[in-house]
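Residue numbers (the working numbering): 726 to 982.
Beta carbons: idealized from backbone N, C-alpha and C, even for Gly.
The structure appears right after this line, and notes come after that.
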(Lines of atoms letter the chains of each structure in order from A; the text may use other names.)
(Lines give C-alpha, C1' and ligand atoms only; values in the text may rest on other atoms or scores of the structure.)
Protein backbone atom coordinates (compact mmCIF):
# COMPACT_ATOMS: atom_id res chain seq x y z
CA UNK A 726 0.00 0.00 0.00
CA UNK A 727 1.37 3.38 -1.04
CA UNK A 728 0.61 6.84 0.23
CA UNK A 729 -0.22 9.84 -1.94
CA UNK A 730 -0.29 13.62 -2.17
CA UNK A 731 -3.35 15.86 -1.93
CA UNK A 732 -2.40 18.51 -4.47
CA UNK A 733 -5.62 20.45 -3.84
CA UNK A 734 -4.06 21.73 -0.60
CA UNK A 735 -1.31 23.68 -2.38
CA UNK A 736 -3.17 27.04 -2.33
CA UNK A 737 -3.66 26.62 1.41
CA UNK A 738 0.01 25.93 2.18
CA UNK A 739 1.66 27.95 -0.58
CA UNK A 740 5.42 27.71 -0.88
CA UNK A 741 5.52 25.48 2.21
CA UNK A 742 3.41 22.81 0.52
CA UNK A 743 6.40 20.48 0.17
CA UNK A 744 7.04 20.48 3.91
CA UNK A 745 3.35 19.89 4.59
CA UNK A 746 3.22 17.01 2.07
CA UNK A 747 6.32 15.46 3.64
CA UNK A 748 4.66 15.58 7.06
CA UNK A 749 1.52 13.97 5.61
CA UNK A 750 3.59 11.23 3.99
CA UNK A 751 5.33 10.46 7.27
CA UNK A 752 1.89 10.13 8.88
CA UNK A 753 0.83 7.75 6.10
CA UNK A 754 3.94 5.67 6.68
CA UNK A 755 3.13 5.50 10.39
CA UNK A 756 -0.23 4.03 9.38
CA UNK A 757 1.40 1.41 7.16
CA UNK A 758 2.26 2.98 3.78
CA UNK A 759 5.16 1.23 2.03
CA UNK A 760 5.97 4.01 -0.43
CA UNK A 761 4.67 7.10 -2.20
CA UNK A 762 2.61 7.04 -5.43
CA UNK A 763 2.54 10.09 -7.68
CA UNK A 764 -0.09 10.15 -10.42
CA UNK A 765 0.21 11.77 -13.84
CA UNK A 766 -1.58 15.08 -13.06
CA UNK A 767 1.78 16.05 -11.53
CA UNK A 768 3.52 18.01 -14.27
CA UNK A 769 0.38 18.29 -16.39
CA UNK A 770 -2.26 19.98 -14.27
CA UNK A 771 -1.10 20.49 -10.65
CA UNK A 772 -1.01 24.23 -9.89
CA UNK A 773 0.37 26.32 -7.07
CA UNK A 774 -1.16 29.14 -5.03
CA UNK A 775 -0.61 31.54 -7.95
CA UNK A 776 -2.40 29.19 -10.40
CA UNK A 777 0.94 28.45 -12.07
CA UNK A 778 1.72 24.96 -13.32
CA UNK A 779 4.05 23.14 -10.93
CA UNK A 780 7.08 21.73 -12.74
CA UNK A 781 8.16 18.19 -11.96
CA UNK A 782 11.53 19.39 -10.65
CA UNK A 783 10.07 22.28 -8.61
CA UNK A 784 12.42 22.75 -5.62
CA UNK A 785 9.49 23.55 -3.35
CA UNK A 786 8.83 19.79 -3.28
CA UNK A 787 12.35 18.81 -2.25
CA UNK A 788 11.26 18.10 1.33
CA UNK A 789 8.74 15.53 0.10
CA UNK A 790 11.22 13.57 -2.01
CA UNK A 791 13.87 13.81 0.69
CA UNK A 792 11.46 12.37 3.26
CA UNK A 793 11.02 9.24 1.15
CA UNK A 794 14.79 8.85 1.00
CA UNK A 795 15.14 9.33 4.74
CA UNK A 796 12.47 6.69 5.33
CA UNK A 797 14.12 4.40 2.76
CA UNK A 798 10.82 4.01 0.91
CA UNK A 799 10.36 4.25 -2.88
CA UNK A 800 8.49 6.84 -4.91
CA UNK A 801 6.41 5.25 -7.69
CA UNK A 802 5.87 8.03 -10.18
CA UNK A 803 3.85 8.29 -13.39
CA UNK A 804 5.13 11.09 -15.60
CA UNK A 805 3.46 12.09 -18.87
CA UNK A 806 1.83 9.40 -21.05
CA UNK A 807 2.57 7.71 -24.40
CA UNK A 808 4.29 10.06 -26.84
CA UNK A 809 1.35 9.82 -29.25
CA UNK A 810 -0.88 11.43 -26.63
CA UNK A 811 1.15 14.63 -27.07
CA UNK A 812 1.05 14.54 -30.89
CA UNK A 813 -1.64 16.11 -33.08
CA UNK A 814 -4.76 13.98 -33.40
CA UNK A 815 -4.71 13.44 -37.15
CA UNK A 816 -4.28 10.60 -39.63
CA UNK A 817 -0.59 10.26 -38.73
CA UNK A 818 -1.25 9.50 -35.05
CA UNK A 819 -1.01 5.73 -34.54
CA UNK A 820 -3.20 5.91 -31.42
CA UNK A 821 -5.96 7.81 -33.26
CA UNK A 822 -8.78 5.42 -32.37
CA UNK A 823 -7.84 5.26 -28.70
CA UNK A 824 -7.54 9.04 -28.41
CA UNK A 825 -10.67 9.69 -30.42
CA UNK A 826 -12.57 7.51 -27.94
CA UNK A 827 -10.86 9.20 -24.96
CA UNK A 828 -10.33 12.88 -25.85
CA UNK A 829 -9.28 13.76 -22.29
CA UNK A 830 -6.15 11.65 -22.84
CA UNK A 831 -4.76 14.20 -25.32
CA UNK A 832 -2.12 16.64 -24.09
CA UNK A 833 -1.32 19.10 -26.90
CA UNK A 834 1.28 21.78 -26.30
CA UNK A 835 0.12 24.42 -25.60
CA UNK A 836 -1.52 24.40 -23.11
CA UNK A 837 0.31 21.34 -21.76
CA UNK A 838 4.12 21.13 -21.49
CA UNK A 839 5.89 19.32 -24.34
CA UNK A 840 6.57 15.65 -23.72
CA UNK A 841 10.35 16.03 -23.57
CA UNK A 842 10.16 18.88 -21.06
CA UNK A 843 8.33 16.52 -18.72
CA UNK A 844 10.92 13.80 -19.22
CA UNK A 845 13.90 16.11 -18.80
CA UNK A 846 12.40 17.69 -15.68
CA UNK A 847 11.81 14.22 -14.27
CA UNK A 848 15.41 13.22 -14.87
CA UNK A 849 16.59 16.43 -13.19
CA UNK A 850 14.45 15.56 -10.16
CA UNK A 851 15.84 12.03 -9.87
CA UNK A 852 19.40 13.28 -10.28
CA UNK A 853 18.90 15.85 -7.52
CA UNK A 854 17.61 13.29 -5.01
CA UNK A 855 20.11 10.46 -5.25
CA UNK A 856 19.24 9.15 -1.78
CA UNK A 857 15.65 8.50 -2.85
CA UNK A 858 14.62 5.50 -4.93
CA UNK A 859 12.27 6.36 -7.79
CA UNK A 860 10.25 3.78 -9.73
CA UNK A 861 9.37 5.04 -13.20
CA UNK A 862 5.95 3.61 -13.98
CA UNK A 863 5.27 2.26 -17.47
CA UNK A 864 8.98 1.90 -18.39
CA UNK A 865 9.48 5.43 -17.19
CA UNK A 866 6.64 6.51 -19.51
CA UNK A 867 9.01 6.36 -22.47
CA UNK A 868 8.88 2.76 -23.69
CA UNK A 869 9.00 4.10 -27.24
CA UNK A 870 12.65 5.08 -26.70
CA UNK A 871 14.48 2.45 -24.68
CA UNK A 872 17.80 4.13 -25.47
CA UNK A 873 16.66 7.21 -23.54
CA UNK A 874 15.42 5.09 -20.63
CA UNK A 875 18.69 3.15 -20.59
CA UNK A 876 20.70 6.37 -20.44
CA UNK A 877 18.63 7.58 -17.49
CA UNK A 878 19.20 4.27 -15.71
CA UNK A 879 22.94 4.67 -16.34
CA UNK A 880 22.95 8.24 -15.04
CA UNK A 881 20.65 7.62 -12.05
CA UNK A 882 21.59 4.62 -9.88
CA UNK A 883 18.58 5.41 -7.67
CA UNK A 884 16.16 4.79 -10.55
CA UNK A 885 14.27 1.65 -11.59
CA UNK A 886 11.30 1.11 -13.91
CA UNK A 887 8.28 -1.13 -14.08
CA UNK A 888 6.75 -2.55 -17.28
CA UNK A 889 3.07 -2.07 -16.47
CA UNK A 890 0.77 -1.40 -19.45
CA UNK A 891 3.66 -1.22 -21.92
CA UNK A 892 4.08 -4.66 -23.48
CA UNK A 893 2.41 -3.18 -26.55
CA UNK A 894 5.45 -0.94 -27.06
CA UNK A 895 8.10 -3.35 -25.81
CA UNK A 896 6.82 -6.26 -27.87
CA UNK A 897 7.05 -4.53 -31.21
CA UNK A 898 10.78 -3.88 -30.73
CA UNK A 899 11.72 -7.37 -29.51
CA UNK A 900 15.46 -7.26 -30.23
CA UNK A 901 15.96 -3.92 -28.51
CA UNK A 902 13.62 -4.88 -25.68
CA UNK A 903 15.40 -8.17 -25.05
CA UNK A 904 18.76 -6.40 -24.84
CA UNK A 905 17.20 -3.84 -22.51
CA UNK A 906 15.91 -6.57 -20.19
CA UNK A 907 19.19 -8.46 -20.13
CA UNK A 908 21.35 -5.33 -19.73
CA UNK A 909 19.15 -3.88 -16.96
CA UNK A 910 17.84 -7.09 -15.43
CA UNK A 911 18.34 -5.71 -11.90
CA UNK A 912 16.49 -2.45 -12.61
CA UNK A 913 13.16 -3.68 -14.06
CA UNK A 914 10.06 -4.57 -12.02
CA UNK A 915 7.06 -6.58 -13.14
CA UNK A 916 3.67 -4.90 -13.25
CA UNK A 917 0.48 -5.03 -15.32
CA UNK A 918 -1.58 -1.92 -14.36
CA UNK A 919 -4.75 -4.01 -14.16
CA UNK A 920 -6.73 -6.06 -11.71
CA UNK A 921 -5.84 -9.59 -10.66
CA UNK A 922 -7.13 -11.17 -13.87
CA UNK A 923 -5.58 -14.46 -14.94
CA UNK A 924 -5.77 -13.69 -18.67
CA UNK A 925 -3.89 -10.42 -18.16
CA UNK A 926 -1.07 -12.22 -16.38
CA UNK A 927 -0.98 -14.88 -19.08
CA UNK A 928 -0.44 -12.24 -21.75
CA UNK A 929 2.51 -10.82 -19.82
CA UNK A 930 3.94 -14.27 -19.17
CA UNK A 931 3.66 -15.08 -22.88
CA UNK A 932 5.45 -11.88 -23.78
CA UNK A 933 8.28 -12.34 -21.28
CA UNK A 934 8.77 -16.10 -21.38
CA UNK A 935 8.02 -17.38 -24.90
CA UNK A 936 9.39 -16.86 -28.39
CA UNK A 937 5.89 -16.69 -29.86
CA UNK A 938 5.65 -14.40 -32.85
CA UNK A 939 3.14 -11.73 -33.79
CA UNK A 940 0.39 -12.27 -31.24
CA UNK A 941 -2.35 -10.05 -29.85
CA UNK A 942 -1.34 -8.23 -26.67
CA UNK A 943 -4.89 -7.07 -25.90
CA UNK A 944 -8.27 -8.46 -24.92
CA UNK A 945 -10.14 -7.54 -28.11
CA UNK A 946 -9.60 -8.53 -31.73
CA UNK A 947 -8.19 -5.06 -32.37
CA UNK A 948 -5.72 -4.29 -29.56
CA UNK A 949 -6.61 -1.15 -27.65
CA UNK A 950 -3.24 0.62 -27.68
CA UNK A 951 -2.60 0.39 -31.41
CA UNK A 952 -3.21 -1.78 -34.47
CA UNK A 953 -0.17 -3.99 -34.21
CA UNK A 954 0.82 -7.31 -32.64
CA UNK A 955 3.88 -8.16 -30.55
CA UNK A 956 6.69 -10.71 -30.24
CA UNK A 957 7.81 -12.68 -27.21
CA UNK A 958 11.21 -12.00 -25.64
CA UNK A 959 12.01 -15.55 -24.43
CA UNK A 960 14.01 -14.22 -21.49
CA UNK A 961 16.32 -16.56 -19.55
CA UNK A 962 15.22 -17.81 -16.15
CA UNK A 963 17.72 -15.71 -14.19
CA UNK A 964 16.38 -12.51 -15.77
CA UNK A 965 12.78 -13.59 -15.23
CA UNK A 966 13.39 -14.22 -11.53
CA UNK A 967 14.82 -10.73 -11.09
CA UNK A 968 11.95 -9.08 -12.97
CA UNK A 969 9.22 -11.12 -11.29
CA UNK A 970 10.55 -11.21 -7.74
CA UNK A 971 14.09 -10.25 -6.74
CA UNK A 972 13.98 -6.61 -7.82
CA UNK A 973 10.61 -5.93 -6.24
CA UNK A 974 11.75 -7.54 -3.00
CA UNK A 975 14.86 -5.35 -2.93
CA UNK A 976 13.05 -2.11 -3.81
CA UNK A 977 9.80 -2.61 -1.91
CA UNK A 978 11.07 -4.29 1.25
CA UNK A 979 11.43 -1.12 3.27
CA UNK A 980 12.79 -0.99 6.80
CA UNK A 981 10.82 -2.85 9.42
CA UNK A 982 8.50 -0.55 11.33
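Check	Outcome
Less than 8 Å between the C-beta atoms of residue 799 and residue 968, yes or no?	no
Tell me the DSSP secondary structure of residue 886 in three-state form.	strand
Got a sec? Which residues, its chain only, sit under 7 Å from residue 865 by beta carbon, not counting five neighbours each side?	874, 877, 886
Mind checking whether residue 954 and residue 941 have CB atoms under 8 Å apart?	yes
What would DSSP say about residue 771, mapped onto helix, strand or coil?	coil
For residue 763, which residues from the same chain have a beta carbon less than 6 Å from its beta carbon, with the 5 sequence-adjacent residues on both sides left out?	802
With distances taken from CA atoms, which of 935, 978, 896, 901 is nearest residue 1043?	No information on residue 1043 is available, as it lies outside the stretch 726 to 982 that the chain covers here.
Compare the C-alpha of residue 838 against each of 804, 880, 918 and name the closest.	804
Please classify residue 960 as buried or exposed, where buried requires at least 16 neighbouring CB atoms within 10 angstroms.	buried
Would you be able to state if there are at least three C-beta pairs under 8 Å between the stretch 785-794 and the stretch 851-860?	yes
Check for me: the beta strand (DSSP E) holding residue 765 runs from which residue to which?	No beta strand (DSSP E) holds residue 765; DSSP gives it neither H nor E.
Once the 5 residues before and after residue 668 are set aside, which same chain residues still bring their CB inside 6 Å of it?	This structure cannot settle anything about residue 668, because the visible part of the chain is limited to 726 through 982.
Kindly indicate which three-state DSSP category residue 940 falls into: helix, strand or coil?	strand
By Cβ distance, which residues of its chain are closer than 6 Å to residue 744, with the 5 residues on each side in sequence left out?	788
Thinking just about the alpha-carbon of each residue, which of 759, 903, 918 is nearest to the one in residue 956?	903
For residue 733, which option in 869, 848, 771, 958 has the closest C-alpha, if you only look at C-alpha atoms?	771
Just checking my contact of residue 834 with residue 811 at CB under 8 Å: how many whole Å lie between their CB atoms?	7 Å
Can you look up residue 728 in the DSSP assignment and give me helix, strand or coil?	strand
What residues are listed by DSSP as bridge partners for residue 859?	800, 884
Please list the terminal residues of the continuous alpha helix (DSSP H) segment that includes residue 908.	899-908
Taking only three categories from DSSP, how would you classify residue 892?	helix
Would you identify the three-state DSSP class for residue 914, choosing helix, strand or coil?	strand
Roughly how many whole angstroms lie between the Cα atoms of residue 928 and residue 890?	11 Å
What residue does the alpha helix (DSSP H) around residue 972 start on, and which one ends it?	972-977
As a quick exercise: from 755, 863, 782, pick the residue whose alpha carbon is nearest that of residue 768.	782
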